[in-house]
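Engineer:
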Amino acid sequence: MARPVRVAGLGGSLRAESTSRAALAAALDGAAAAGAETELIWIRDLDLPLYSAEHQIPPAAQQFADTVYRCDAMIWSSPTYHGSVSGSFKNALDWLILLAGNDPPYLSNKPVGLVATAGGVQGLQTINSMDFIARALRAWSVPLVLPVAQSWQSFDPSGNLADEAIAAQLRALGAEVVRAARQFQAEGTCDYATEMQFAAESGRSESGAAR
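Position one of the sequence shown corresponds to residue 389 (our numbering), numbered consecutively onward.
See the structure below:
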């Protein structure tokens, strides 16, 4: 019997009442219900300095990178800031340069589910930004995405998810991530990945990030 799929969720904002964190928790509930082992990594808790190659590597950044590397799949959830991901979310992903020298490097062949919350209607732009980053990190974005527009209608003032229809969609996204991860686990690909995205030069460490 195959081991359980491990899904790491990354997201939220620096706000205590983070709607993107609540959305991430709901998606991870769906992954857990589908049989996965899940872990929620809240940006606020990471407390990472801005990435620079000149920094000594903080223990929190190394632990974060190691957790991401061990997982089989991820779910990302970011608030929408000026039509893209938040700076704190992007900074956390920048620290994944620590996975450049691994074999395979970065997030090779890990499915990633994408979630965004937006006060207005620009959540899909945030999804697109995350999709570009996922590709650069050699991951596969799950086609089922969820931009939660006008999130003030779906979350209460404390940031808790109050819209059951949105919660059900988030759980469905979590389950789809697990399904894709199981296919990768068994077959090395999944049914929406019609061809290998990257050359088999797994030793190379080019993600487009400058050290």
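Cβ coordinates follow ideal geometry from the N, Cα and C atoms, glycine included. Note that this is a predicted model, so its numbers are computed, not measured.
Among the residues of its own chain, which have a CB less than 6 angstroms from the CB of Asp-551, if the five just before and after it don't count?
Structural biologist: Cβ within range, chain order: Ser-542.
Engineer: Under the rule that 16 or more other beta-carbon atoms within 10 Å means buried, what is Ile-445, buried or exposed?
Structural biologist: Flag for Ile-445 reads exposed.
Engineer: Rank Asp-519, Lys-498, Tyr-439 by C-alpha distance to the C-alpha of Ser-472 and give the top, closest one.
Structural biologist: The shortest C-alpha separation from Ser-472 is found at Asp-519.
Engineer: Could you name the residues that DSSP lists as bridge partners for Phe-543?
Structural biologist: Paired residue(s): Leu-549.
Engineer: Just list the residues that DSSP pairs Ala-504 with in beta bridges.
Structural biologist: Ala-504 is bridged to Ser-466, Pro-535.
Engineer: Is there contact between the stretch 526-534 and the stretch 555-565, where contact requires at least three CB pairs shorter than 8 angstroms?
Structural biologist: With the cut-off at 8 angstroms, the stretch 526-534 and the stretch 555-565 touch.
Engineer: Identify every residue that forms a DSSP beta bridge with Leu-398.
Structural biologist: In DSSP, Leu-398 forms a bridge with Ile-429, Trp-464.
Engineer: Could you compute how far the alpha carbon of Asp-433 sits from the alpha carbon of Tyr-469?
Structural biologist: Approximately 19 angstroms between the Cα atoms of the pair.
Engineer: Just confirm the distance between the C-beta atoms of Ala-461 and Val-503, as a whole number of angstroms; I'd bet it's less than 8 angstroms.
Structural biologist: Actually they are not in contact, since the Cβ atoms of Ala-461 and Val-503 sit about 14 angstroms apart, beyond 8 angstroms.
Engineer: Could you compute how far the alpha carbon of Gln-557 sits from the alpha carbon of Leu-487?
Structural biologist: Cα-Cα distance, rounded: 31 angstroms.
Engineer: How many angstroms separate the CA atom of Tyr-457 from the CA atom of Ala-449?
Structural biologist: Distance between the alpha carbons of Tyr-457 and Ala-449: 12 angstroms.
Engineer: Which residue's Cα is closest to the Cα of Thr-514: Pro-392, Arg-391, Gly-399, Val-395?
Structural biologist: The shortest C-alpha separation from Thr-514 is found at Gly-399.
Engineer: Given a cut-off of 7 angstroms on the beta-carbon distance, is the pair Ile-463 and Ala-415 in contact?
Structural biologist: Contact flag set, yes.
Engineer: Taking Ser-466 and Phe-477 to be in contact with their CB atoms under 8 angstroms, please state how far apart those CB atoms are, rounded to whole angstroms.
Structural biologist: Contact flag correct, Cβ pair sits at about 4 angstroms.
Engineer: Pop quiz: Gln-573 and Val-393 are said to be a contact at Cβ under 8 angstroms. What is the actual Cβ separation, rounded to whole angstroms?
Structural biologist: With 8 angstroms as the limit, Gln-573 and Val-393 qualify as a contact, their Cβ atoms being about 7 angstroms apart.
Engineer: Once you ignore the five residues that flank Leu-402 on each side, which residues in its own chain have a CB closer than 7 angstroms to its CB?
Structural biologist: If we look at Leu-402 and ignore the five residues flanking it on each side, its Cβ neighbours are Ile-431, Arg-432, Ser-476.
Engineer: Mapping DSSP to helix, strand and coil, what is Ser-472?
Structural biologist: In this structure, Ser-472 counts as strand in the three-state DSSP scheme.
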